[in-house]
Structure formats: structure tokens, C-alpha cells
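At position 19 of the sequence shown (counting the first as 1) the number is 131 in my numbering, and the numbers step up by one without a gap.
Comments concern the structure below.
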Amino acid sequence: MRAYALYNRLTVCPAPVKMIVEREYKNGAIEKRRSNFAHIRAALWGKEEEKLIRNSEVVPWMVPFFAGTANKRIAAALVHAGFESGVYYFDINRNMLNPHFVECVALPCHQKLSHAVILRMVGIIQTAQKFS
């Protein structure tokens, strides 16, 4: 209920935050995130994950990766390597009125990650999956 009490403030963006967002946008943040996401999708995603973005132009900051019993091991390997990650529950229905939460690993894919870093992350994930 508290969120509703603050709802009228959600449309206001503080000036310093707005400046950062505008700078990142002008510097190609959306295109870089789209590219990083494409690399992750090509390397790791299957048909089930692709269903999540059907008819969508999503450009995420973090990507859900569903590895079942390997989720905890993958997240730990990523954190050990210095990545911000963890095990979370993602609403695969993407519907707050009819959610279906599935355990996943959160993979970063924001614009500050280089292609080499994305490839390193993919390698860590693939190695961790082999020990499932």
C-alpha cells in the first residue's frame, strides 16, 4: 500500500538522475544493451527463454537465465568471478495479476559491459553447467 501513497511522486525524476540517463542514452546505452542481450541470447538461451520476449523490443539491464538445479552454482561462480548476480524468481508470465515465478540466475547485460566481458561471463556459465 505504501507505493500507492508515493505514486504521485513516481513521475518526477530528480535532475541529477535525469542528467545521467540522458548522457547514457546519448552515448548509445540502448544499442549497447541490445547488442549485449543479443550475444547472451545467442550463446545461452533456448526456445523457452525466447518465448519471454516474443513481440517485445525489450532491452534489459539484467537477463533471467533458467538453469534449474544449476542456478545456485552458476550464480556463485559469477559472483566469485566479480559479476553482480544471484538467484531470483522471475515472472515468466510478465503479468502482475497472473504471475508465474520461476527460479533463475540474473545475468548482467548493461551497457558498461564489453563484448569480451560478456564472452567471459558466458564461458563461466557454460563451465558451471557442465558440473550439473
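Where a beta carbon is used, it is the ideal one built from N, C-alpha and C, also for glycine.
R153 is positioned such that its CB atom lies no closer than 8 angstroms to that of P172. In this chain, the alpha helix (DSSP H) harbouring M131 covers 127–138. The residue among V133, G180, A141, E143 with its C-alpha nearest the C-alpha of C216 is G180. For A193, no alpha helix (DSSP H) encloses it, and the DSSP letter there is neither H nor E.
Around the beta-carbon of I237, 16 or more other beta-carbon atoms lie within 10 Å, marking it buried. In the DSSP assignment, F149 falls within the alpha helix (DSSP H) that extends over 141–156.
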